[in-house]
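Just so we're aligned, residue 1 is where the sequence shown starts under full-length UniProt numbering, counting upward by one.
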Amino acid sequence: MTGYEMFWPIVAHAVLVFILYCLLGLRRSAVVKAGKAESHQFRENRDEPAESLVVRNNLANQFELPVLFYAVSIILFITQADNLPAVILAWIFVVSRYAHSYVHVTSNNLRYRSPLFTLGFLALFGMFAWLVIWMALS
């Protein structure tokens with residue numbers, strides 16, 4: 001390992017957040033132009049049309065579980081436990097977040113969304129488990 005592999009999944013997740021902010025702006029602009037909402041409705045996030053609401057909700061999701069992802073990624077790097085298993089788990093987490101977001105902002109079908117969330121959750125749990133094992137054995 002060259003030393004920075006643990007940070008590429010973090011960068012990839014940040015890109016997802018930027019994409020979602022852009023999508024939220026586009027969707028909100030579209031619903032205002034279509035007459036389904038007025039721009040002042042977004043100030044307090046009340047009565048937001050479903051087209052933009054799902055993006056807003058998904059964006060909020062990116063600041064829940066991913067906060068733990070950022071923390072464990074940095075701790076794995078600091079403790080030098082950022083080896084291949086840790087990096088693979090980090091990429092699984094990030095790819096699952098992309099897939100979960102795609103389903104959330106398109107069909108919003110829980111049949112697909114829920115397993116994708118669970119996959120990411122388990123990958124994140126695995127990262128913490130790996131950290132605990134690493135620290136216990138060090």
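Even for Gly, the Cβ is constructed at its ideal location relative to N, Cα and C.
If you check the beta carbons only, do histidine 100 and leucine 122 fall under 8 Å apart?
Sequence index remark: in the sequence shown, residue 100 carries index 100 (1-based). Sequence index remark: in the sequence shown, residue 122 carries index 122 (1-based). No, the pair does not count as a contact, with Cβ atoms beyond the cut-off.
Which of helix, strand or coil DSSP assigns to lysine 33:
As a position in the sequence shown, residue 33 is number 33, starting the count at 1. Helix, per DSSP.
CB contact flag (serine 73, alanine 90, <8 Å)
Position 73 of the sequence shown, counting from 1, holds the residue named residue 73. Position 90 of the sequence shown, counting from 1, holds the residue named residue 90. Cβ atoms of serine 73 and alanine 90: closer than 8 Å.
Does the separation of the CB atoms of valine 31 and proline 49 fall below 8 Å?
Residue 31 sits at position 31 when you count from the first residue of the sequence shown. Residue 49 sits at position 49 when you count from the first residue of the sequence shown. The answer is yes: Cβ separation under 8 Å.
Please determine if the segment 120–136 and the segment 36–50 are in contact, where contact requires at least 3 C-beta pairs separated by less than 8 Å.
No, they do not touch.
For my contact list, valine 105 and glutamate 5 are in at a C-beta cut-off of 8 Å; report their separation, rounded to the angstrom.
Position 105 of the sequence shown holds residue 105. Position 5 of the sequence shown holds residue 5. With a Cβ gap of about 29 Å, valine 105 and glutamate 5 do not count as contacting.
Extent of the continuous alpha helix (DSSP H) to which serine 101 belongs:
As a working mapping, residue 101 is identified with position 101 in the sequence shown. Secondary structure note for serine 101: its alpha helix (DSSP H) is the uninterrupted segment 84–105.
Could you pull out every residue in the same chain whose Cβ sits closer than 7 Å to the Cβ of leucine 24, ignoring the five residues on either side in sequence?
Start at 1 with the first residue of the sequence shown, and residue 24 comes out as number 24. Take leucine 24, set aside five residues on each side of it, and the residues of its chain with a beta-carbon closer than 7 Å to its own are Ser52, Val55, Arg56, Leu59, in chain order.
Using DSSP with H/G/I as helix, E/B as strand and the rest coil, what is alanine 81?
For this step, residue 81 is matched to residue 81 along the sequence shown. It is coil, neither helix nor strand.
CB-CB length for proline 66 against arginine 27, believed under 8 Å
Translated into positions along the sequence shown, residue 66 becomes position 66. Translated into positions along the sequence shown, residue 27 becomes position 27. The Cβ separation is near 21 Å, so there is no contact.
Run of the alpha helix (DSSP H) containing proline 115, from where it starts to where it stops:
Taking the sequence shown and counting its residues from 1, the one referred to as residue 115 is at position 115. Proline 115: member of the alpha helix (DSSP H) spanning 110–137, first to last residue.
For tyrosine 21, three-class secondary structure by DSSP
Against the sequence shown, residue 21 aligns to sequence position 21. In the three-state reduction of the DSSP assignment, tyrosine 21 falls in the helix class, which pools H, G and I.
Measuring only the C-alpha atoms, how far is alanine 12 from lysine 36?
What you label residue 12 is simply residue 12 of the sequence shown in a count that begins at 1. What you label residue 36 is simply residue 36 of the sequence shown in a count that begins at 1. Approximately 33 Å between the Cα atoms of the pair.
Going by the beta-carbon positions, is the gap between leucine 131 and alanine 81 smaller than 8 Å?
Position 131 of the sequence shown, counted from the first residue, corresponds to residue 131. Position 81 of the sequence shown, counted from the first residue, corresponds to residue 81. In this structure, alanine 81 lies closer than 8 Å to leucine 131 by Cβ.
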